[in-house]
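Here our numbering is used: the first residue of the sequence shown is 1, the next is one more, and so on.
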Amino acid sequence: MEELKPLLTESYSKKLTFHDPCYLGRHNGEYLAPRELIEAIPGSEFIEMYRCREQSYCCGGGGGGMWLDGVTADHTRERLSENRVKEAIEIGAEVLVVCCPYEVSRFEDAVSQPITKETEVPE
Numbered sequence: 001m002e003e004l005k006p007l008l009t010e011s012y013s014k015k016l017t018f019h020d021p022c023y024l025g026r027h028n029g030e031y032l033a034p035r036e037l038i039e040a041i042p043g044s045e046f047i048e049m050y051r052c053r054e055q056s057y058c059c060g061g062g063g064g065g066m067w068l069d070g071v072t073a074d075h076t077r078e079r080l081s082e083n084r085v086k087e088a089i090e091i092g093a094e095v096l097v098v099c100c101p102y103e104v105s106r107f108e109d110a111v112s113q114p115i116t117k118e119t120e121v122p123e
């Protein structure tokens, strides 16, 4: 981590939050490193999500969940990915930082679909 900090020289004045991925967090117990890296970004403000670390929700991509959206659409109010995006918006985050390859597609898809709760998605 100390080797990376000198590389972070440009200011990024945004409110950032982090989604704890299943494998990095709950399966491998790593919660601190991503937060240290985010907090080292000059000018940024880190905001913790309500459900974080061990209590974080899955993005919906693991365990085959991403292929079940069409099947479960009639049985659930919202997808896990939509739930996580809403939570990021509710805490005032402008950027949702992720580090799992499934999360990028899950969260991009969540914001391209109508969100079931009235809210504005920051651009």
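No residue lacks a Cβ here, since even glycine has one placed at the ideal position from N, Cα and C.
Self-check item: Option nearest TYR12 by Cα separation, candidates SER44, LYS5, GLU3 and GLY25
Solution: Measuring from the Cα of TYR12, the nearest candidate turns out to be SER44.
Quiz item: Between ILE38 and the rest of its own chain, which residues show a CB-CB distance below 8 Å, the 5 nearest in sequence each way excluded?
Solution: LEU16, PHE18, SER44, PHE46 and VAL97
Exercise. Can you check DSSP and say which residues form a bridge with GLU16?
Key: Checking the displayed sequence, the identity of residue 16 turns out to be Leu instead of Glu. Bridge partners of LEU16: PHE46 and VAL95.
Exercise. Give the straight-line distance between the Cα atoms of LEU4 and ALA33, rounded to the nearest whole angstrom.
Key: The alpha-carbon atoms of LEU4 and ALA33 are separated by roughly 11 Å.
Quiz item: Which two residues bound the contiguous alpha helix (DSSP H) that contains GLU90?
Solution: 80 to 90
Practice problem: Please report the residue range of the alpha helix (DSSP H) in which ARG35 lies. | Solution: 32 to 39
Quiz item: Any idea what DSSP makes of LEU4, helix, strand or coil?
Solution: coil
Self-check item: Candidates GLU54, LEU8 and GLU10, of which the one nearest ASN28 by Cα
Solution: GLU54
Quiz item: Are the beta-carbon atoms belonging to GLU87 and TYR31 less than 8 Å from one another?
Solution: no
Practice problem: Identify, in the order they occur along the chain, each residue of the same chain with its Cβ nearer than 6 Å to the Cβ of ILE41, setting aside the five sequence neighbours on each side. | Solution: Only LEU8 and TYR12 meet the Cβ criterion.
Practice problem: May I ask you to report which of helix, strand or coil DSSP gives GLY25? | Solution: helix
Quiz item: In its own chain, which residues sit with a C-beta less than 7 Å from the C-beta of CYS52, not counting the 5 before and 5 after it?
Solution: ASP20
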